[in-house]
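Chemist: Counting from 1, one number per residue, gives the positions in the sequence shown under the working numbering.
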Amino acid sequence: MTDKDPPDFRPLPKPTPRSFRYEERERVGIVTLSRPDRFNALTFEVYRELTDFFLEIDRRSLDPSGEGARSIVLQGEGKAFCSGGDVEDIIGHLFDRDMEGLLRFTRMTGELIHSMRQCKLPIVASVKRVAAGAGAVMALASDMRVMGRKAFFAFLFPQVGLCGADMGAAYLLPRIVGLGVASEVLMTGERIYAERCSQIGLANQLVDDATPDDVDAAAFTLAKTLADGPHFALRMTKTMLTRELDMNLSAAMEAEAQAQAICMQHPDFREANAAWEAKRPPRWK
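1. Are three or more beta carbon pairs between the region 26-39 and the region 95-104 nearer than 8 Å?
2. Going straight from the alpha carbon of Gln75 to that of Ser126, what length do you get?
3. Can you list, in chain order, the residues of its chain whose CB lies under 8 Å from that of Leu262, leaving out five sequence neighbours each side?
4. Could you tell me whether the Cβ atoms of Val215 and Ile200 are closer together than 8 Å?
5. According to DSSP, what are the bridge partners of Gly76?
6. By alpha-carbon positions, which one of Val73, Thr43, Glu100, Ser61 ends up nearest to Ile91?
7. Does DSSP put Met144 in a helix, a strand or coil?
8. Between which two residues does the alpha helix (DSSP H) harbouring Phe44 extend?
9. Is it buried or exposed, Ala274, if we count other Cβ atoms within 10 angstroms and call 16 or more buried?
10. For Gln205 and Met264, what's the separation of their Cα atoms in angstroms?
11. DSSP three-state call for Arg175: helix, strand or coil?
12. Along the chain, which unbroken stretches of the alpha helix (DSSP H) at least 4 residues long are found entirely within the region 181-217?
13. So, are the CB atoms of Leu156 and Gly133 less than 8 Å apart?
14. Using 8 Å as the threshold, is the C-beta distance between Ala259 and Met240 below it?
15. Return the bridge partner residues of Arg25 from the DSSP annotation.
16. Buried or exposed for Pro267, please, with buried defined as at least 16 other CB atoms from any protein chain shown within 10 angstroms of its CB.
17. Run through the DSSP bridge pairs and tell me what Gly85 is partnered with.
18. Determine, using beta carbons only, whether Leu241 comes closer than 8 Å to chain C.
19. Whole alpha helix (DSSP H) runs in the region 97-162 with 4 or more residues, listed along the chain?
20. Assuming the contact rule is C-beta atoms closer than 8 Å, Arg117 and Gly148 should be a hit. Round their C-beta distance to whole Å, please.
21. Given a threshold of 16 other Cβ atoms within 10 Å of its Cβ, counted over all protein chains shown, does Asn40 qualify as buried or as exposed?
22. Going by C-alpha to C-alpha distance, which of Pro230, Thr51, Gly84 sits closest to Phe269?
23. Can you give the Cα-Cα distance for Ala255 and Thr211, rounded to whole angstroms?
24. Across which residues does DSSP place Ser71 in a beta bridge pair?
25. Exposed or buried, which one is Pro281 when buried takes at least 16 other CB atoms within 10 Å?
26. Can you tell me whether Phe220 is helix, strand or coil according to DSSP?
27. For Cys197, which residues from the same chain have a beta carbon less than 7 Å from its beta carbon, with the 5 sequence-adjacent residues on both sides left out?
28. Tell me whether the beta-carbon of Met138 lies closer than 8 Å to the beta-carbon of Pro158.
29. Closest to Asp228 by CA distance: which of Val28, Arg21, Ile123 is it?
30. Kindly identify the DSSP beta-bridge partner or partners of Phe286.
31. Please state whether the Cβ-Cβ distance between Ala80 and Glu24 is less than 8 Å.
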């Protein structure tokens, strides 16, 4: 394929991944980690397939036909969200690797978080019972987190003899909860229960979790609201939130001026005004 070839906008096929499930419902893509017997612990395969998925779903979302998902829910099957890397399938194998082999693994795990942040579709994490280790960072890398009242986060890397800064946690967490709280969380590795997550801004929404389905349903409702909104504007918003993390004020102001001027040329800007004048809901492009 050359640079002059048109992009491939064939609809994203219903994936046949071996490590998770994917479906689309009402313009919401639902990613379900599917190892409930292990609290959806991650394997080498899950890391790789999820990374490829987020890159692909982002590319396919530009399909001019308007088909496909407009937001994503990331959830776990059964009672939990994700308990992190699988001790048997991953941790045990790392002891036999040299430095180069270990770096290949740690870089691969970081690629998953990077692909989630680069994906311009809003991602809503449905945090049930436990989000630990790599699972906690995946929820952190999501744009919003809906959390059950009985759930907890655990950035437990120090408790297993590892650096608390893993997979981008030390980059993302201070930007959400502040440096002091992030230092406490990443150094102690202790559980952060739902009420405190809400207080420090780690949880966007707390829901009663009489059943695990309650949390998933609330996450879907939020994702559906985003999917029904102005897709182009939300993509641009996520792009700017990510890019401006490392900008100074002057650079950020200029970047936002350019982003807003681009949005003003999009049909949705004119449609929003027409809908307001006609007193009807907007029909987003």
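We treat Cβ as the ideally placed atom computed from N, Cα and C, and that holds for glycine. Note that the structure is predicted; figures quoted are calculated from it, not measured.
Modeler: On the basis of the coordinates in this document:
1. no
2. Position 75 of the sequence shown, counted from the first residue, corresponds to residue 75. Position 126 of the sequence shown, counted from the first residue, corresponds to residue 126. In a straight line, the C-alpha of Gln75 is about 5 Å away from that of Ser126.
3. One-based indexing of the sequence shown puts residue 262 at position 262. Before going on, a small fix: residue 262 reads as Ile here, not Leu. Answer for Ile262: Met236, listed in chain order.
4. By 1-based counting over the sequence shown, the position of residue 215 is 215. By 1-based counting over the sequence shown, the position of residue 200 is 200. Going by C-beta atoms, Val215 is not nearer than 8 Å to Ile200.
5. What you label residue 76 is simply residue 76 of the sequence shown in a count that begins at 1. Looking at the DSSP assignment, Gly76 forms a beta bridge with Leu33.
6. Translated into the one-based positions of the sequence shown, residue 91 becomes position 91. Considering only alpha carbons, the answer is Thr43.
7. Locating residue 144 in the sequence shown gives position 144, where the first residue counts as 1. It is a strand residue.
8. Here residue 44 is taken as the residue at index 44 of the sequence shown, counted from 1. From DSSP, the alpha helix (DSSP H) with Phe44 extends over 44-60.
9. For this step, residue 274 is matched to residue 274 along the sequence shown. Its Cβ having fewer than 16 others within 10 Å, Ala274 is exposed.
10. By one-based count along the sequence shown, residue 205 stands at place 205. By one-based count along the sequence shown, residue 264 stands at place 264. Rounded to the nearest angstrom, the two C-alpha atoms are 31 Å apart.
11. Stepping through the sequence shown from its first residue, residue 175 is reached at position 175. Here Arg175 sits in helix by DSSP.
12. 194-200
13. As a first step, residue 156 is located in the sequence shown; it is residue number 156 there, counting from the start. As a first step, residue 133 is located in the sequence shown; it is residue number 133 there, counting from the start. Their beta carbons are under 8 Å apart, which means Leu156 touches Gly133 by this criterion.
14. Here residue 259 corresponds to residue number 259 of the sequence shown, with the count starting at 1. Here residue 240 corresponds to residue number 240 of the sequence shown, with the count starting at 1. Yes. Within cutoff.
15. Indexing the sequence shown from 1 puts residue 25 at position 25. Bridge partners of Arg25: Val28.
16. Position 267 of the sequence shown, counting from 1, holds the residue named residue 267. So Pro267 ends up on the exposed side.
17. Working through the sequence shown from its first residue, we reach residue 85 at position 85. Gly85 is bridged to Leu42.
18. Included in the structure is just one protein chain, with no chain C present.
19. 99-118, 134-141
20. Translated into the one-based positions of the sequence shown, residue 117 becomes position 117. Translated into the one-based positions of the sequence shown, residue 148 becomes position 148. Rounded, the Cβ-Cβ distance is 24 Å, inconsistent with contact.
21. As a first step, residue 40 is located in the sequence shown; it is residue number 40 there, counting from the start. Label assigned to Asn40: buried.
22. Residue numbering aside, residue 269 sits at position 269 when the sequence shown is read from its first letter. Of the listed residues, the one whose Cα sits closest to Phe269 is Pro230.
23. On the sequence shown, residue 255 is found 255 positions in, with the first residue counted as 1. On the sequence shown, residue 211 is found 211 positions in, with the first residue counted as 1. Answer to the nearest angstrom: the Cα atoms are 44 Å apart.
24. By 1-based counting over the sequence shown, the position of residue 71 is 71. DSSP lists Val28 as partners of Ser71.
25. The sequence position of residue 281 within the sequence shown is 281, counting from 1. Pro281 should be labelled exposed.
26. Counted from its first residue, the sequence shown places residue 220 at position 220. Helix at Phe220.
27. Within the sequence shown, numbered from 1, the residue matching residue 197 stands at position 197. The residues are Met147, Phe153, Ala203.
28. For the purposes of this step, residue 138 is taken as the residue at position 138 of the sequence shown. For the purposes of this step, residue 158 is taken as the residue at position 158 of the sequence shown. For Met138 and Pro158, no; Cβs fall outside 8 Å.
29. Mapped onto the sequence shown, residue 228 falls at position 228. Ranking Val28, Arg21, Ile123 by Cα distance to Asp228 puts Val28 first.
30. Only positions 1 to 285 of the chain appear in this structure, which leaves residue 286 out of reach.
31. Along the sequence shown, one-based indexing puts residue 80 at 80. Along the sequence shown, one-based indexing puts residue 24 at 24. Their beta carbons are not under 8 Å apart, which means Ala80 does not touch Glu24 by this criterion.
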